[in-house]
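Undergrad: When we follow the numbering used here, the leftmost residue of the sequence shown carries the number 114, and every step to the right adds one.
Positions of the beta carbon are idealized from the N, C-alpha and C atoms, including for glycine.
Quick caveat: nothing in here was measured; it's all calculated off a predicted structure.
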Amino acid sequence: MAIYKNKVEWRGAHLGYTWCQNGTEMEFSAPPNLHGKAGVLTPEDAFVAASNTCYFMMVVWAAERFKLNLVSLHCEAAGEVEEFIDRTSWFKQVVLYPKIVVKGSTPEIVQRALDMALKYSTINQSFKSEITITPEIIILEK
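#1: So, at 6 angstroms on beta carbons, what are the nonlocal neighbours of residue 132 in its own chain, with the 5 sequence-adjacent residues on each side left out?
#2: According to DSSP, simplified to helix, strand and coil, what is residue 117?
#3: Does DSSP put residue 172 in a helix, in a strand, or in coil?
#4: With distance defined between alpha-carbon atoms, name the residue in 149, 192 and 227 nearest to residue 164.
#5: Specify the secondary structure class of residue 134 as computed by DSSP and reduced to three states.
#6: Using a Cβ-Cβ cut-off of 8 angstroms (strictly less than) and excluding sequence neighbours within five positions of residue 205, which residues of its own chain qualify?
#7: Given that a residue counts as buried once 16 or more other Cβ atoms are within 10 Å of its Cβ, and exposed if not, what is residue 142?
#8: Quick one: is residue 209 buried, meaning 16 or more other Cβ sit within 10 Å of its Cβ, or exposed?
#9: For a quick check, are the C-beta atoms of residue 168 and residue 218 less than 8 angstroms apart?
#10: Does the distance from the C-beta atom of residue 246 to that of residue 220 stay below 8 angstroms?
#11: Let me know if residue 213 comes out buried or exposed under the rule of 16 or more other beta-carbons within 10 Å of its beta-carbon.
#12: On the criterion of 16 or more Cβ atoms from any shown chain inside 10 Å, does residue 223 qualify as buried, or is it exposed?
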């Protein structure tokens, strides 16, 4: 079983610093509208990025498994926060918008690979938020 570790440290006001076990380290803050610092990672950014980057890497993995001739892959993500009357909130939904260009395949096979990528995306399978995939699939002739 893999264990992933992270460390955070308060740096004053609404600013912190984080270290990841892979060597990545950076400042983070509350969002600017919540008295945070602009231009640095926020927990909300990290949540949406975790969803997007994990799915993206699993699409690459699925493309290899399906032996797709991958030409290009881009993915945007949007997370929708729902706020309740008591001011608590949660990410109700994350929508992933992969744009995948493949040579010599069919849209059905590419869609199967995209579906498999979501199934095996550890991060997305761990969220209680609804995860929606809205792909753009482009097939080029061999």
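TA: This is what the structure gives:
#1: 120 and 138
#2: coil
#3: helix
#4: 192
#5: coil
#6: 193, 194, 195, 242 and 243
#7: buried
#8: buried
#9: no
#10: no
#11: buried
#12: buried
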